[in-house]
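Please read the structure below before turning to the comments.
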Amino acid sequence: MVSTRGEVSQLLELIHEGDRSAEGRLFDLLYTDLRRMAAHQLRNEQSGHTLQPTALVHEVYVRVFAHNPPETRTRSHFMALAAQGMRRFLVDHARTRRAEKRGGRQEELPLDRVFTYDARKSGEFLAVHEALERLRQWDPRQSQIVELRYFGGMSEEEIAEYLGISSRTVKRDWAMARAWLHAELSA
Amino acid sequence: MTPEQWKKLQELFEEVTQKPPQERETALQRVAEAVPDPSLVEELRRLIEHSEPDPEFLRPIQGLGAETLRPGDVIAGRFEIVRLISRGGMGAVFEAVDRKLGEPVAIKVIAPEYARDRKLLERFLREVQIARRVSHPNICRIHDLGEHAGAPYLTMELLEGETLATRLEHGPVPLEEWENLARQLFDGLAAAHAAGIVHRDLKPSNLMLAGPRLVILDFGLARPVLNQEDRGLTHSGMLVGTLDWMAPEQLMGEHDERSDVYSAALILVRMLKQKPWENSGGGLVNALRRATSDTDFRKFLPPGVPARWRSVLQRCLEREPARRPANARTVLDLVARPRNMAAVSVSRFVQGRAPRISAAIAFFLALIFVGFRYLRHPGFQTGSLIMVAAANNATGETRFDGITSALRADLAQSSDLNVWDNQRLGEALRLMRSDRASRPDAKKWREIALREHATFLVFSTLSPLGDGYALEVRAEEIGSAPEPVESWDRTLHATGPNALFDAVHEVARWIRSTAGENAVDLSAYNRAPQDITTSSWEALQLFDEAQGLSAAGSDTEAIPVLERALQLDPEFAMARMRLGDILNAQYRSEEGFANWRQAVDLARRQHLSEHERLSIESRYALEIRDFRNAEPVLREWVSKFPNDPLAPRLLASALLGQGHSDEAVAIAQSAQNRFGPTVFGTSILIRALASQNRVAEIEPQIQALERLSAHSLALMFRGMLAAMQEDYDSAARAFRELAASPSAAVASRGVGLLAISEADRGALDVARTILRDGITKDRAAGQEGLASQKAVALAFLEGQAGNKVSARALAEQAVSIGGASPQVILGSATVLARNGDAAGAARLAKRFPSIAGPKFDVARLRMDGEIAAARGDYRKAVGLLERAAQQDRAYDPRQYLARALDLAGDRDRARLDYQRIADTPWLIWDLVEEEWPGTRFFAKQHLKK
Chain A
1 MVSTRGEVSQ LLELIHEGDR SAEGRLFDLL YTDLRRMAAH QLRNEQSGHT LQPTALVHEV
61 YVRVFAHNPP ETRTRSHFMA LAAQGMRRFL VDHARTRRAE KRGGRQEELP LDRVFTYDAR
121 KSGEFLAVHE ALERLRQWDP RQSQIVELRY FGGMSEEEIA EYLGISSRTV KRDWAMARAW
181 LHAELSA
Chain B
1 MTPEQWKKLQ ELFEEVTQKP PQERETALQR VAEAVPDPSL VEELRRLIEH SEPDPEFLRP
61 IQGLGAETLR PGDVIAGRFE IVRLISRGGM GAVFEAVDRK LGEPVAIKVI APEYARDRKL
121 LERFLREVQI ARRVSHPNIC RIHDLGEHAG APYLTMELLE GETLATRLEH GPVPLEEWEN
181 LARQLFDGLA AAHAAGIVHR DLKPSNLMLA GPRLVILDFG LARPVLNQED RGLTHSGMLV
241 GTLDWMAPEQ LMGEHDERSD VYSAALILVR MLKQKPWENS GGGLVNALRR ATSDTDFRKF
301 LPPGVPARWR SVLQRCLERE PARRPANART VLDLVARPRN MAAVSVSRFV QGRAPRISAA
361 IAFFLALIFV GFRYLRHPGF QTGSLIMVAA ANNATGETRF DGITSALRAD LAQSSDLNVW
421 DNQRLGEALR LMRSDRASRP DAKKWREIAL REHATFLVFS TLSPLGDGYA LEVRAEEIGS
481 APEPVESWDR TLHATGPNAL FDAVHEVARW IRSTAGENAV DLSAYNRAPQ DITTSSWEAL
541 QLFDEAQGLS AAGSDTEAIP VLERALQLDP EFAMARMRLG DILNAQYRSE EGFANWRQAV
601 DLARRQHLSE HERLSIESRY ALEIRDFRNA EPVLREWVSK FPNDPLAPRL LASALLGQGH
661 SDEAVAIAQS AQNRFGPTVF GTSILIRALA SQNRVAEIEP QIQALERLSA HSLALMFRGM
721 LAAMQEDYDS AARAFRELAA SPSAAVASRG VGLLAISEAD RGALDVARTI LRDGITKDRA
781 AGQEGLASQK AVALAFLEGQ AGNKVSARAL AEQAVSIGGA SPQVILGSAT VLARNGDAAG
841 AARLAKRFPS IAGPKFDVAR LRMDGEIAAA RGDYRKAVGL LERAAQQDRA YDPRQYLARA
901 LDLAGDRDRA RLDYQRIADT PWLIWDLVEE EWPGTRFFAK QHLKK
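In order, the protein sequence lines correspond to chains A and B.
In case it helps, the working numbering puts the first sequence at residues 1 to 187.
In case it helps, the working numbering puts the second sequence at residues 1 to 945.
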């Protein structure tokens, strides 16, 4: 059901060797996993309220690497891709919901249970996503840092490792981007 | 916005946000003057305004690893998640079921985000190590530590209840409950303080109310007192703790036991108040106010608070730590003093040679001494527990396997060190949920040492060297982590087997002096290992093997091994004693007592170390119920070896046997506090409390037994406690649960207890049916000894019901099936005598073993008395039975005397005796194995007549 470590490791190796298409394939793989796991968890009455987006990312990670944690670089790369996947998943979902509400359709994705649990996030992440798209036009790195941290739950150190910059720079960029996003979102 | 504009904006943003908030406006204005683009300045102003958003803003969408756990998930292949209990700073706590043991546990999983944070992780690990060092009913018990998907987890005792913080939302705590909780809080703290641990973050949300029990949680902030190496964890001056409950000195980054005393007292005052008494203004303002001005907290206490608590609490809340009680134990002593002087004098007695000094000098000395000692070696203190790991014998000569026993016996002479009793190995491995059959490796030994709070661990290897042997020894000091704090190595050469004893002795002396034992004690207790054990290595090896078998639960197999050891050296006193122990536990009392008797003789002939001699003499005296002679031997043991945890417990038991229950309670209690609860110590304490009918204090002790995994024993006491309060339904539930035990012996005892409890409520027919079924089951399970005990009980009930024939038949049957233990002979002879067969009784009495000692003298007098009564000679009967009663243990119902007095026409005295039985429910439960059903019920019936 879920991608195996072998598959994932192979793709990660290809990525390290500079194969850009491997990154795309790994992303697709992870994204499929995320969707499948989300759907599975949401069908399960019991777990409805304990599911949270980043938890899914972690779960994908744990399922792939449970018995054999990868080295830091691989891990951060994996997490970054998962963060992107999560972001796309959430945005897709939020858009579907919005369309459903307009069109009066309710059946397909009962995902709102996930997001209403963390009420703070439910309205926030679509707005964050849209603001990040704008920020990307003049500072793609800051936009990516927010993505990794907010959607992927990565730490400053991991982000620094992944982007090949210092933690201090990550901190500075984060402070600036956060102020801007807060200003935008509260406008 | 262009990338260039944004870059410029970021520069300005950083420049302004670096300034303290009050200077930012000025900085902004300076920027406005220097930068020509007003829209850029406007944007900057907007960003500055939003530069410190709510910390929740953009916090990563929570991804606690713990939250990926759902009901049904299984951690580490054995803990099945049931539900989420709470989510806190570092992770989440779940309820889970341990599939391996079928027990519910709480499991705390640290969030992966934090698992990557080394400092936090260290703190988490510390919590585990520290909490493991303390075992107390009022401290949350930690079981295991492991890792799941890269995140550490720990399993703990599952507590049902609410935190004190939640509880206080619904108003103050009623006074009756308050005093009980206050005691528990200080009791738990006292145990932590005794282990050298300060909590540092006591607050209502860290105190769990599980039914009547208060449990201190979260030792995550706790750390050993004055441990220099820990300084790195929290920088000095850094605030640790929660401001609302913090002691004044904690504001300066200082803390010790007295800070906990302060916080605990503050919490206790708050528990009685409707609302917090302090003004709003935040924790820091209030903490500063408390630190800078004196408050009379007594005015916050409602009028019903006992005077002793009022003054003690006020003292606990002194601003100056030096003016507060030194630790939680002192608080409890202060509260108890006016009521119970015994406790104080006894604690002094148990602590042995410590001189009495004034509190101020004690404080001063403690500063110097503790500081000095910790600078030298944190672990060195008298009473240190030393553990001798099984030696690695690489010589190929199996006879040297006994070297471990030789070294243990030699070290056990020390008055400073406690040598860990290897009998506890099986128990320790079981508690650690480890395989008991396999031999522990070095890592496992260190884990056991950590868990058992040992200070030293000794490893040894014996290998051939030239014509002789090399004995390599490594002594490790165990701190609070699995890695040893320090270690010392030594290698000795021995030219042959005899010289090897000298090498062992040399090693023992070296370890004792390394551990800080003084020269006087070293030479006072300095017998060579071959003198205190045996000079035959072969016998020693067999002894070692028997110990191993016994620790693994195979007592029966240990018997022939010990017998072979004794053939090699008949004067091997330790082996004699051990054989006596095992034989008696197997109901082979005549042989058992004979071996004990010989062991005592050998001990008196100085074939043993002083420690072993005192142990053997006193234990033998206790077994034959010679309490009066046991007491001085035990007092000698306690005073010569004040660090031995067993001696005060045995002393308590000797005092109980003589009816000195006040002192017994005090000593048992103080041993629990000093050495931590053990199964034996807790059982003694329960017996002592029960003898004083202090029912309310027993429940926490039963819980302590449960924590020690002594579930059957806990169940037994729980049933007794219920029956004592005439809640027979609860008693029956507990005993039935015991009766359902997979262990035939435990189940059989459950049946016996159930019969006694049913008879006590007057359900005699029910009791008879239970016993009849129990006999069948026991015999089917091969438990003949227990079957014969039940047959006696049933015979007694049949006799009471007037069925003389079946009573006699059962009595005869009891003797024939059970190998006729002294107890069964006494019972059967009594039943025969009371049911018209005086001759049969006399015949049986002749079969009674000729063992000396009050226990057997009482039995013989009782049989003679019953026979005299059966022959109509009531005066003689009363005379004999009075003599029996005089020698009998204090908490025996002695209904035999009441009956004889009644027969002899002395109604008044009979009434008094029956009254005593009816009024003292504990009597029938104290040594319930020897009790016949219905003793109290019949006494009550008699009184009604």
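Quick reminder that beta carbons are idealized off the backbone N, C-alpha and C, glycines included.
All of these numbers come straight from a predicted model, not from anything done at the bench.
- The three-state secondary structure of B/N206, taken from DSSP, is helix.
- Taking a Cβ-Cβ threshold of 8 Å, none of the residues of chain B is close to A/L34; the smallest such distance is about 13 Å.
- Under DSSP, B/F456 shares a beta bridge with B/I386 and B/E477.
- Of all residues in the stretch 75-86 of chain A, only M86 come within less than 9 Å of chain B when Cβ atoms are compared, listed by chain position.
- Going by beta carbons, B/I478 and B/A442 fall outside the 9 Å limit.
- Residues of the stretch 23-51 of chain B with a C-beta less than 7 Å from any C-beta of chain A: R46, L47, H50 and S51, listed in chain order.
- As a beta-bridge residue in DSSP terms, B/Y153 pairs with B/V109 and B/G146.
- Between the stretch 504-522 of chain B and the stretch 455-462 of chain B there are three or more inter-stretch CB-CB distances shorter than 8 Å, so the stretches are counted as touching.
- The beta carbons of B/D421 and B/S384 sit no closer together than 9 Å.
- Approximately 5 Å separates the beta-carbon atoms of B/R308 and B/V335; this is inside 8 Å, confirming the contact.
- For B/A76, the number of other beta carbons within 10 angstroms of its own is below 16, and it is reported as exposed.
- With a 10 Å radius around the Cβ and a threshold of 16 neighbouring Cβ atoms, B/A841 comes out buried.
- The beta carbon of B/F57 sits closer than 9 Å to some beta carbon of chain A.
- If you look at B/D489, you'll find it in the beta strand (DSSP E) that goes E486 to A494.
- Residue pairing by DSSP places B/Y469 opposite B/P464 and B/A494 in a beta bridge.
- Using a 10 angstroms sphere on the CB of B/K7, the tally of other CB atoms stays under 16, which defines it as exposed.
- Chain B places a beta carbon closer than 9 Å to that of A/A183, counting this residue as a contact.
- Residues of the stretch 134-151 of chain A with a Cβ closer than 8 Å to any Cβ of chain B, in chain order: Q137, W138, D139, V146, R149, Y150 and F151.
- Looking at the DSSP output, B/I139 sits in a beta bridge with B/I216.
- Contact annotation: B/Q789 and B/F938 have beta-carbon atoms that are not nearer than 9 Å.
- The Cβ atoms of B/G774 and B/V792 do not sit closer than 9 Å to each other.
- DSSP, reduced to helix, strand and coil, places B/D569 outside both helices and strands of the structure shown, so it counts as coil.
- A direct Cα-Cα distance of roughly 41 Å separates B/L125 from B/H493.
- Spanning the alpha carbons of B/E631 and B/S639 requires a straight line of approximately 12 Å.
- Chain A places a beta carbon closer than 9 Å to that of B/E14, counting this residue as a contact.
- In the DSSP assignment, B/K443 falls within the unbroken alpha helix (DSSP H) covering A442 to R451.
- Rounded to the nearest angstrom, the gap between the Cα atoms of B/A666 and B/G681 is 12 Å.
- Contact between B/E758 and B/I770 holds, since their C-beta atoms are separated by about 6 Å, short of 8 Å.
- Annotated three-state conformation of B/A92 is strand, per DSSP.
- Taking a beta-carbon distance threshold of 9 Å, A/R178 counts as an interface residue toward chain B.
- By the neighbour-count criterion, in which a residue is buried when 16 or more other Cβ atoms sit within 10 angstroms of its Cβ, B/T534 is buried.
- A/V170 is outside the set of residues whose beta carbon lies under 9 Å from a beta carbon in chain B.
- Excluding residues up to 5 positions away in sequence, Q423, A558, R578 and I582 lie with their Cβ nearer than 8 Å to the Cβ of B/S550 in the same chain.
- Interface with chain A (9 Å Cβ-Cβ cutoff): B/P21 is excluded.
- With contacts defined as CB atoms closer than 9 Å, B/A870 and B/R834 qualify as a contacting pair.
- Scanning the stretch 291-317 of chain B for uninterrupted alpha helix (DSSP H) segments of 4 residues or longer gives 307-316, listed from N- to C-terminal end.
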